[in-house]
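Written below as structure tokens is the structure these notes are about.
Number of protein chains: 2
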Amino acid sequence: MALNKKSLFHPDDILLSEFAKVLGHPARIAIIRELAKHEECICGQIVEVLPLAQSTVSQHLQELKKAGLVQGTISGVKSCYCIHKENFTKVLGLFNEAMHDIMLTNNKEKCC
Amino acid sequence: MALNKKSLFHPDDILLSEFAKVLGHPARIAIIRELAKHEECICGQIVEVLPLAQSTVSQHLQELKKAGLVQGTISGVKSCYCIHKENFTKVLGLFNEAMHDIMLTNNKEKCC
DNA sequence: TCCTTTTATCGTATATTTGCGATATATAAT
DNA sequence: ATTATATATCGCAAATATACGATAAAAGGA
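If you read the sequences in order, they're chains W and B. At position 13 of the first sequence (counting the first as 1) the number is 13 in this note's numbering, and the numbers step up by one without a gap. At position 97 of the second sequence (counting the first as 1) the number is 1097 in this note's numbering, and the numbers step up by one without a gap.
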């Protein structure tokens, strides 16, 4: 992008866009879905469900972790992951609220 | 990405990720917000509110249009844009529902 | 101790996105 | 007819993301 202009935007919009962005890849949606589906934290088995190499899945997990949507702990040889319930719920809530507000503001009858 | 693996994922996840992706840039969130805020469709004035060149804003508008979140019509010299209320509401609803379902599934007490 | 297993990280190739200026195009105004 | 204005598109450069294989690191088991 030649120059990174992202920081020139409103912090709220940056936050919302970062949440959206991390969910902007089907692998990461699939990971979240898979994490939610199991009773226990998942250690490893995620790779088997995705059509991607182990290193790639690991990268996606790191991004989800960096965004705070997922948390992980090391348990022996394995790394275990689960959804960071509190964060996820909170950020999803903010996102919904923002989008809802936008649609409330947008009270045009007819348009274009 | 060497090879595009996106198509290997579940269509639902692709749909959700595409919605998220288009909102994954602060400029596009800001555009949506700006469009909602005005009584009438916006013709032009969006560029003035964003810290980006005209051509860049136009590109972001095209992406929002391609994703169906925004609609536009040409009115004389100007192009006018507004939120595609029906589509936006629908896709946002699907997104919320999916995320909500995921969080309902994720009924772990304690984790990692 | 040595080997195996598991996951993270590094290096690299390629794809995509972001951004701009220049230009094209179309209408409006003079 | 000429000029001005508004917006889209093109061409390009730079940044970021995606993906993989190879390798490292760390723990467990033989």
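In this text, a Cβ means the ideal position worked out from N, Cα and C, and glycines have one as well. A quick note: this is a predicted structure, and the numbers were derived from the prediction, not measured.
Check	Outcome
Below-8 angstroms beta-carbon distance, B:Asn1087 vs any chain W residue	no
Cβ neighbour criterion (16 or more within 10 Å) applied to W:Asn106	buried
Proximity test, Cβ basis, 8 angstroms: B:Glu1039 and chain W	yes
7 angstroms Cβ shell around W:Val22 - same chain, five flanking residues per side excluded	Arg28, Glu63, Leu64, Ala67, Leu69
W:Gln45 vs B:Cys1112 beta-carbon contact at 8 angstroms	no
Presumed contact (8 angstroms Cβ cut-off) between B:Glu1018 and W:Lys108, rounded CB distance	At roughly 25 angstroms, the Cβ-Cβ gap does not stay under 8 angstroms, so B:Glu1018 and W:Lys108 are not in contact.
Where the alpha helix (DSSP H) containing B:Ser1007 begins and where it ends	Note, B:Ser1007: premise wrong, no alpha helix (DSSP H); not H, not E.
Under 8 angstroms between C-beta atoms of W:Ala36 and W:Leu50	no
Helix, strand or coil at W:Gly44 according to DSSP, with G and I counted as helix	coil
DSSP bridge partner residues for W:Gln54 (one or two, in chain order)	Bridge partners of W:Gln54: none, in fact.
Cβ-based neighbour list, B:Cys1043, same chain, cut-off 6 angstroms, excluding 5 preceding and 5 following	Lys1078, Cys1080
CB contact check: W:Ala2 to chain B, cutoff 8 angstroms	no
Residue range of the alpha helix (DSSP H) that includes W:Val70	Element bounds for W:Val70: not the alpha helix (DSSP H) but the beta strand (DSSP E), 70 to 75.
Pairwise C-alpha distance: W:Cys41 and B:Ile1102	15 angstroms
Members of the stretch 54 to 69 of chain W that neighbour chain B once the beta carbon cut-off is set at 7 angstroms	none
B:Leu1094 at chain W interface by Cβ criterion, 8 angstroms	no
Neighbour flag for B:Gly1076 against chain W, beta carbons, 8 angstroms	no
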